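Numbering (UniProt numbering), first residue to last: 1 to 430.
The structure appears right after this line, and notes come after that.
This is the structure in C-alpha cells:
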C-alpha cells in the first residue's frame with residue numbers, strides 16, 4: 001500500500017500543475033480545478049473527477065494512507081512483544097525505534113535538499129524559473145521555485161538553518177517546519193511528531209489488559225479527534241488495527257491442511273464479498289473532493305455531517321475515515337493482499353520514501369524542461385494543452401522513478417544501515 005500511495009502522491013504533484021485545465025482554474029476562492037468534485041459547477045464534469053478514478057492522481061488521500069500505515073508499522077512489533085509479555089524485548093525495541101527515528105526520517109531529506117542546493121548553485125533551477133512561474137503553463141497550482149541566493153556560503157547557511165527548523169517538534173503548525181528547498185516535505189516533521197506521540201502512548205498502555213488498553217485508546221483517540229489532530233488520529237488508528245490483526249493472527253502462517261479439507265466455504269465467500277464492498281466504500285470516502293465538497297452531488301449530505309467545530313481542512317475528514325477503512329479492508333481481503341504483494345507494487349514500496357523525496361527536485365528541473373518542450377510541440381490551446389501535459393508525463397514519470405531508484409540505493413538503504421550501526425556503537429553493551 002505504501003508503494004502504491006507513494007506513486008500516486010508523487011504523480012499528484014505533477015498533475016496539479018495542469019492536467020485538468022478548465023476555465024475554473026481562475027476561480028481562486030474554490031481552489032484549482034482538479035481539486036473540485038464532479039458536478040460541483042456546470043463545467044466540472046470531467047470523468048477523471050469521478051469517485052475512485054480521482055484517487056489515481058489525488059494526493060491528500062495518499063497522505064492519509066501513509067499515516068495509517070506508519071502507525072501500523074511502528075506499533076506492530078512493540079504490540080506483538082506486549083502481547084507475549086516480553087517486556088524486556090519491548091523496552092529494547094522501543095528504545096531502538098525512538099533512537100533511530102530521527103535519523104531515519106531526517107537524514108535522507110538532508111541529502112535530497114542538499115542536492116537542491118547544489119543544483120541551485122549550478123544554475124539548473126534558473127533554466128526553468130520563468131516557466132515555473134508562467135500562468136500560461138501552470139494553470140492549476142504554482143509551486144514555489146527554490147530561490148538562488150547571492151553567494152554559495154549564504155545559500156549553504158540558509159539551507160543549514162532551514163534544516164534546523166525542519167526538526168519542528170514544538171507546535172502543530174502544519175507547515176511550521178516546511179523547507180523552501182522542497183515544499184512537499186511538510187509531512188516529515190508531522191511524521192516525527194506523531195511517531196513520538198505514538199511511542200509514548202505505546203509505553204503508557206503496555207502493561208494494561210487488552211480490554212483496558214482498547215478502552216484507553218478509545219479515550220485518547222476521542223480526545224485527539226475532538227482536537228482535530230487528524231494526522232495523530234490516523235497514527236493511533238494504525239496502532240489499533242495492528243493489535244486487531246495480532247489478536248486474530250492475521251500474519252501467522254496458516255496450518256497445513258489435507259487437500260480434502262481445503263474446501264471452499266460459503267462463509268469465506270460471503271466474507272470476501274463484504275470486505276470487497278467495504279474497500280469500495282473506503283475508496284469512495286477517500287475520494288472526497290479537496291474543494292467545493294458541499295457543492296458536489298453525492299457529497300452534499302456527507303459534507304453537512306462534518307462537525308461545525310472542525311476547523312482543519314474539510315477534505316481531511318472523510319478522506320481520513322476512508323483511509324482507516326481501506327487498511328482494515330485490505331487486512332481482511334486475500335485478493336487485495338495478493339495485489340499489494342505483486343512484484344511491481346513491492347518494488348514501489350521499497351522506493352516510495354525515495355520517490356517522495358526526489359519527485360519535487362526532478363519535477364522542478366528535468367520535468368519543467370520536458371514540459372516546456374512538449375508544449376512547444378503541441379501548443380497550449382484547448383485540449384492540446386492537456387495532450388502536451390500527458391506527452392511530457394511519459395518522460396517525467398520514468399525520470400522520477402529512475403531518480404528514486406538511484407536515491408534509494410545510494411542514500412536510503414545506506415541510511416537505514418547507518419542508523420543501526422550508529423545505534424550499536426552508542427548503546428551500552430551488557
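Note that CB positions come from ideal geometry on N, CA and C, so glycine has one too.
No experiment lies behind these values; they were computed from the predicted model shown.
Residue 404 is positioned such that its CB atom lies closer than 8 Å to that of residue 358.
Counting along the chain, residue 200 sits inside the alpha helix (DSSP H) bounded by residues 187-204.
In this structure, residue 234 sits away from residue 396, with a CB-CB distance that is not shorter than 8 Å.
Out of 297, 386, 230, the CA that lies nearest to the CA of residue 317 is found in 230. By the neighbour-count definition (other C-beta atoms within 10 Å, threshold 16), residue 426 is an exposed residue. Under DSSP, residue 179 takes part in a beta bridge, and its partners are 182.
Cβ-Cβ distances below 8 Å link residue 75 to 198, 202, 238, 239, 242, 243 in the same chain, with the five nearest sequence neighbours on each side left out; the list follows chain order. The residue from 173, 77, 62, 59 with its alpha-carbon nearest to that of residue 193 is 173. As DSSP reads the structure, residue 36 sits in a beta bridge with 291. For residue 121, the closest of 146, 57, 411 by C-alpha to C-alpha distance is 146. 143 is the residue among 210, 149, 143, 212 whose C-alpha sits nearest the C-alpha of residue 182. Between the C-alpha atoms of residue 365 and residue 125 there is a straight-line separation of about 6 Å. Below 8 Å, too few C-beta pairs join the segment 298-305 and the segment 267-277 to call them touching: fewer than three.
Of the residues assessed, residue 155 falls on the buried side of the cut-off, its CB having 16 or more other CB atoms within 10 angstroms.
One alpha carbon belongs to residue 371, the other to residue 380, and they sit about 11 Å apart.
Under the DSSP assignment, residue 370 falls in the alpha helix (DSSP H) whose first and last residues are 368-378. Excluding sequence positions up to five before and after residue 228, its CB lies within less than 7 Å of the CB of 310, 311, 312, all in the same chain and listed in chain order.
For residue 306, the closest of 107, 102, 285 by C-alpha to C-alpha distance is 285. Take residue 333, set aside five residues on each side of it, and the residues of its chain with a beta-carbon closer than 6 Å to its own are 275, in chain order.
Annotated as distal: residue 398 and residue 119, with beta-carbon spacing of 8 Å or more.
The alpha helix (DSSP H) runs lying completely inside the segment 129-182 and spanning 4 residues or more are 129-132, 152-166, given in chain order. Rounded to whole angstroms, the Cβ separation of residue 246 and residue 79 is 6 Å, and the two are in contact under 8 Å. For residue 127, the secondary structure class from DSSP, reduced to helix, strand or coil, is helix.
When rounded, the separation of the alpha-carbon atoms in residue 349 and residue 98 is 23 Å.
Boundaries of the alpha helix (DSSP H) harbouring residue 356: 343-362, taken from the DSSP string.
Across the set 355, 153, 421, the C-alpha of 355 shows the shortest separation from the C-alpha of residue 400. Counting C-beta pairs closer than 8 Å gives three or more between the segment 100-112 and the segment 184-192, which meets the contact rule.
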